[in-house]
Amino acid sequence: MRSVRTLLLLSLLLSACSGKPSAPDAMPTCLEDLVGHTVAVAGGGSTDLLLSQYEGIDLMRISIGDMPLAVKSGRAEFAMMQEVQYDANQLDAQGFRKCFDGILPGVSAVAFRKDDVRTCEDFNHFLREMRASGEYDRWYQSWIHQLDSMVVETEKLPAPRTGKKITVGITLVFPFIFYRNDALSGMEVDLFNRFCRSKGYCPEYSIVQFPALIPSLNTNKIDAILSHILVTPERARQVLFSDDYLEGSQCCFGLNPEWESAAGPGLPDRIKGSFRKTLVEEDRWKLLADGLVVTLEISLFSLLLAIVVGALLCFLRMRPNAAVSGATRVLVDTVRGIPVLVILMIMFYVIFAKMHLSGVTVAIFSFALFYGAYFSEVFRTGMLSVGRGQWEAGAALGLGKFQVFRLIAFPQALKRIVPVFKGEVISLIKSTSIVGYVAVLDLTCAGDIIRTRTLDAFFPLILVSLIYIILSTLSGSLLNALDRHLNASR
Amino acid sequence: MTAVHIIHELLAGLRESVVSNLLTEDRWKMMVEGLGVTLEISLFSLFFATLAGALLCALRMSRSRVFQGVARFYIGLMRSLPLLLLLLVLFYLVLASSGLGKTQIAIVCFSLYFGAYISEIFRSGIEGVDKGQWEAGAALGMGEGLVLRKIVLPQMLLRVLPVYKNQMTALIKATSIVGYVSIMDLTKASDVIRARTFDAFFPLLLTALVYLLLSWLFGLAVDLLEKRLTPKSRTR
Numbered sequence: 000m001r002s003v004r005t006l007l008l009l010s011l012l013l014s015a016c017s018g019k020p021s022a023p024d025a026m027p028t029c030l031e032d033l034v035g036h037t038v039a040v041a042g043g044g045s046t047d048l049l050l051s052q053y054e055g056i057d058l059m060r061i062s063i064g065d066m067p068l069a070v071k072s073g074r075a076e077f078a079m080m081q082e083v084q085y086d087a088n089q090l091d092a093q094g095f096r097k098c099f100d101g102i103l104p105g106v107s108a109v110a111f112r113k114d115d116v117r118t119c120e121d122f123n124h125f126l127r128e129m130r131a132s133g134e135y136d137r138w139y140q141s142w143i144h145q146l147d148s149m150v151v152e153t154e155k156l157p158a159p160r161t162g163k164k165i166t167v168g169i170t171l172v173f174p175f176i177f178y179r180n181d182a183l184s185g186m187e188v189d190l191f192n193r194f195c196r197s198k199g200y201c202p203e204y205s206i207v208q209f210p211a212l213i214p215s216l217n218t219n220k221i222d223a224i225l226s227h228i229l230v231t232p233e234r235a236r237q238v239l240f241s242d243d244y245l246e247g248s249q250c251c252f253g254l255n256p257e258w259e260s261a262a263g264p265g266l267p268d269r270i271k272g273s274f275r276k277t278l279v280e281e282d283r284w285k286l287l288a289d290g291l292v293v294t295l296e297i298s299l300f301s302l303l304l305a306i307v308v309g310a311l312l313c314f315l316r317m318r319p320n321a322a323v324s325g326a327t328r329v330l331v332d333t334v335r336g337i338p339v340l341v342i343l344m345i346m347f348y349v350i351f352a353k354m355h356l357s358g359v360t361v362a363i364f365s366f367a368l369f370y371g372a373y374f375s376e377v378f379r380t381g382m383l384s385v386g387r388g389q390w391e392a393g394a395a396l397g398l399g400k401f402q403v404f405r406l407i408a409f410p411q412a413l414k415r416i417v418p419v420f421k422g423e424v425i426s427l428i429k430s431t432s433i434v435g436y437v438a439v440l441d442l443t444c445a446g447d448i449i450r451t452r453t454l455d456a457f458f459p460l461i462l463v464s465l466i467y468i469i470l471s472t473l474s475g476s477l478l479n480a481l482d483r484h485l486n487a488s489r
Numbered sequence: 000m001t002a003v004h005i006i007h008e009l010l011a012g013l014r015e016s017v018v019s020n021l022l023t024e025d026r027w028k029m030m031v032e033g034l035g036v037t038l039e040i041s042l043f044s045l046f047f048a049t050l051a052g053a054l055l056c057a058l059r060m061s062r063s064r065v066f067q068g069v070a071r072f073y074i075g076l077m078r079s080l081p082l083l084l085l086l087l088v089l090f091y092l093v094l095a096s097s098g099l100g101k102t103q104i105a106i107v108c109f110s111l112y113f114g115a116y117i118s119e120i121f122r123s124g125i126e127g128v129d130k131g132q133w134e135a136g137a138a139l140g141m142g143e144g145l146v147l148r149k150i151v152l153p154q155m156l157l158r159v160l161p162v163y164k165n166q167m168t169a170l171i172k173a174t175s176i177v178g179y180v181s182i183m184d185l186t187k188a189s190d191v192i193r194a195r196t197f198d199a200f201f202p203l204l205l206t207a208l209v210y211l212l213l214s215w216l217f218g219l220a221v222d223l224l225e226k227r228l229t230p231k232s233r234t235r
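As given, the protein sequences belong to chains A and B, one line each in that order.
Each residue of the first sequence is one higher than the one before, counting from 0 in numbering that gives the first Met the number 0.
Each residue of the second sequence is one higher than the one before, counting from 0 in numbering that gives the first Met the number 0.
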């Protein structure tokens, strides 16, 4: 416990010491002025494509939610997001300033698969009705001017639970789509829920990273993209766009050089405020709790499956048949030579692309395969450490091969396996933190969502780190206990 | 459909993939630059992690209780914290306004993290050398440093190399997560290409192959070193 406190204190000190970076001298007024600067853009987005054409702009491809934090911490000098987003986030009040706007004026629409004309027609019909009845104007104006009351209204009218199922790929960006009280809210979610209610659909929202949206749509992972996605000719070749429901343009912003933060409250108050913002407000602790459950789920199931896979691979690898053992060896070495992240992406985008499997299931399979390969080697070393004499002695006693394995070889091997196994189990638990890459909302990802909403990096990160430390320590001591138990029964 | 037909079609598909994923807009340059970044991070981290590992090992095995405690705490911390979280903490908190570039922060992160693992490998290697070796050295009138350098280290090195190789291969592969903080490494480059071409298969497969090649080459290099260190194979 003392070590935990020391860690907390240390990081507090460090974060308190980090000063504010100085703002650049002259504010840019057009795209050419950005040359020679670091600019944050949404990776794979339209601003990414636009700025890629300029030589000398250092592009930083991040999610839109991370932009204010990146600019504040000085990682990027400027960033680009839609004006609506800038206004709704009230970034002016947080020390930012728009440099120039009106970039890439365009319209957003819902994207469907090319052959999914029917759903698209349904949506267009709904939109026409909405515009004709004046409901559209009410929807737009209320979200821009009375956001809080709209959020409450959206909560009262949750998404329909009956009707034709439709999986909708979304990215979390305030004010279009965001988490509030552990439920999805935002102007786009509200619009789509209205559509589903009126046309008899049952939406299921699935968070997908922006660059992965269109590939996910075309590989049937999702049926529609609802992500304030701009209509561009290149995208229109890949997907079927509905009529547009929003128009706007991008703006470029940076730190406001004249902005003086009000004399900050003392450290205890800051911690208290940070705590409240991260956990209490909008019931954000529920997000973390959900994320923790997902992390535990993936860890536990992939661990069990990996043990099975590992045992199987170990069995095949130790066959006397050279072809079988050779093929297994190639498989194991190949899997071990590829980063688990790349394996996860191959599983998600290529192998299971056509199947309707949840991200969690794909993650479990990926970790089971990757760690299964590692486990098989651990098991094999354990088995090899049992001397030949033991097998021969067993055979001499008239035991069958399986009996020798069960009664003599395995108990001895187990004692040698457990200490190494412990390290592998902990690294499995830790490496599940990367599943956010394929849009699984785990503990790390929950921390990310909170971070981008509160613009406070400190508390979510430290909290999530602490939870992981506790998880690893617990599983470590569990396996230590097993180790002791095995050695005591010698 | 004959087999020739199928092969023909496969080749045509492959050619199309190569053109759209690598040749259009000079996308292969993105992959090459990404590979450069991956190599840069890997090599520097390899070096610094080994250095940090040696230092930590010295602390961990020193006689001072304080040093031992500090090293043990640090190693325990690194072993229980996910690498990605460490990267995020360094990126957004600790080194947020340090003036270090993104790539440099990544190098610091991997060195800190893998240094802890390496130090334990070194320690178990040194402890694996029989106590009698130290005593024999002392009996010959050698100082502790001399015994370590002339007698213990050469024996420990051979013991340690296979595990060291595994850990360092893990480091190379682990660098694939740096895309999370918007560093354009090999994995992220394939990500960006995928976002533009909407083709998942080819970029990912190519990336996997490159990592496989990297791991294999690195393993080969260490094996070569191992062979040179083995006394039996040395030419006299």
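All C-beta atoms in this analysis are idealised placements derived from N, C-alpha and C, irrespective of residue type, glycine included.
Contact set between A:Leu340 and chain B, taken where Cβ atoms lie within less than 7 angstroms:
Here the neighbours are Ser175, Ile176 and Thr186.
Going by CA-CA distance only, name the one from A:Arg328, A:Ser476 and A:Leu295 that's closest to A:Lys429.
When A:Arg328, A:Ser476 and A:Leu295 are compared, the shortest CA-CA separation from A:Lys429 is found for A:Leu295.
Quick one: does A:Arg60 have its CB under 8 angstroms from some CB of chain B?
yes
Just verifying my parser: in three-state terms, what is the DSSP assignment at A:Pro20?
Low local confidence applies: a pLDDT of 44 at A:Pro20 is under 50, so the model's placement there is unreliable, with the coordinate-based value given in what follows. Of the three classes helix, strand and coil, the one that applies to A:Pro20 here is coil, per DSSP.
Contact list for B:Leu42 against chain A, beta-carbon separation under 8 angstroms:
None at all; the shortest Cβ gap to chain A is about 17 angstroms.
Quick one: which chain A residues come within Cβ less than 8 angstroms of B:Tyr210?
Gly336, Ile337, Pro338 and Val341
In chain A, which residues lie less than 7 angstroms from B:Ala207 when you measure between Cβ atoms?
Neighbours of B:Ala207 in chain A, taken as residues whose beta carbon is under 7 angstroms from its own, are Ile337, Val341 and Ile345 in chain order.
Relative to the C-alpha of A:Ala78, which candidate in A:Ala392, A:Asp100 and A:Phe409 has its C-alpha closest?
Nearest C-alpha to A:Ala78: A:Asp100.
Run of the alpha helix (DSSP H) containing A:Gly233, from where it starts to where it stops:
Sequence check: residue 233 of chain A is Glu here, not Gly. Segment Pro232 to Gln237, the alpha helix (DSSP H) holding A:Glu233.
First and last residue of the uninterrupted alpha helix (DSSP H) at B:Phe46
Its alpha helix (DSSP H) spans residues Arg26 to Arg59.
Give the residues from the stretch 451-484 of chain A that approach chain B closer than 9 angstroms (Cβ to any Cβ), ordered along the chain.
Ala456, Phe457, Leu460, Ile461, Val463, Ser464, Tyr467, Ile468, Ile469, Leu470, Ser471, Thr472 and Gly475
Going by beta carbon distance, what residues of the same chain come within less than 7 angstroms of A:Val403, once the five residues before and after it are set aside?
Trp390, Gly393 and Ala394
Decide if the stretch 86-102 of chain A is in contact with the stretch 234-244 of chain A; the criterion is three or more beta carbon pairs, one per stretch, under 8 angstroms apart.
no
Quick one: what's A:Pro202 bridged to in DSSP?
Under the DSSP definition of a beta bridge, A:Pro202 partners with A:Ile165.
Simplified DSSP state of B:Val128, which is helix, strand or coil:
coil
Tell me, please, which residues DSSP counts as bridged to A:Thr37.
A:Asp57
Who are the Cβ neighbours of A:Pro20 in its own chain at under 6 angstroms, not counting the five residues just before and after it?
In this prediction, A:Pro20 scores a pLDDT of 44, lower than 50, which makes its location untrustworthy; the coordinate-derived value is nonetheless stated afterwards. Only Gly73 meet the Cβ criterion.
Just to confirm, is the Cβ distance from A:Phe506 to A:Val207 under 8 angstroms?
Outside the shown range of chain A (0 to 489) lies residue 506 of chain A, about which nothing can therefore be said.
Nearest-angstrom Cβ-Cβ length linking B:Ala11 and B:Leu170, presumed shorter than 8 angstroms:
Here B:Ala11 is actually not in contact with B:Leu170; their C-beta atoms are around 39 angstroms apart, not less than 8 angstroms.
Just the C-alpha distance for A:Cys16 and B:Ala95, rounded to the nearest angstrom, thanks.
At A:Cys16, the pLDDT of 42 sits below 50, so the modelled position is not reliable; the number obtained from the coordinates is stated separately. About 11 angstroms.
Three or more C-beta pairs below 8 angstroms linking the stretch 106-125 of chain A and the stretch 225-232 of chain A:
yes
Helix, strand or coil: which one does DSSP assign to A:His144?
helix
Going by DSSP, what residues sit across from A:Met79 in a beta bridge?
A:Cys251
Where A:Pro459 sits in the DSSP three-state scheme
helix
Every unbroken alpha helix (DSSP H) within the stretch 172-227 of chain B, with a cutoff of 4 residues, ordered by chain:
Within the stretch 172-227 of chain B, complete alpha helix (DSSP H) segments of at least 4 residues are found at 185-196, given in chain order.
Please classify A:Cys29: is it buried, with 16 or more other beta-carbons within 10 angstroms of its beta-carbon, or exposed?
exposed
With a cut-off of 8 angstroms, does the C-beta of A:Tyr348 fall near any C-beta of chain B?
yes
Which class does A:Glu257 belong to by DSSP, given the choice of helix, strand or coil?
coil
Using a beta-carbon distance cut-off of less than 7 angstroms, what residues from the stretch 212-225 of chain B approach chain A?
For the stretch 212-225 of chain B, which is checked against every Cβ of chain A, the residues closer than 7 angstroms are Ser214 and Trp215.
Going along the chain, which residues of its own chain have a beta-carbon closer than 8 angstroms to the beta-carbon of A:Ser324, five neighbours each way excluded?
Leu315, Arg316, Met317 and Arg318
Counting only Cβ-Cβ distances shorter than 7 angstroms, please list the residues of the stretch 140-163 of chain B near chain A, keeping chain order.
none
Cα-Cα separation between A:Gln81 and A:Gly168, rounded to whole angstroms:
19 angstroms
Could you have a look at A:Lys113 and say whether DSSP puts it in helix, strand or coil?
Three-state result, A:Lys113: coil.
Taking CB distances under 8 angstroms as the criterion, tell me whether B:Val65 reaches chain A.
no
Specify, as a first and last residue, the run of the beta strand (DSSP E) that A:Arg179 falls within.
Phe177 to Arg179
Thinking C-beta only, is A:Tyr370 closer than 8 angstroms to A:Arg335?
no
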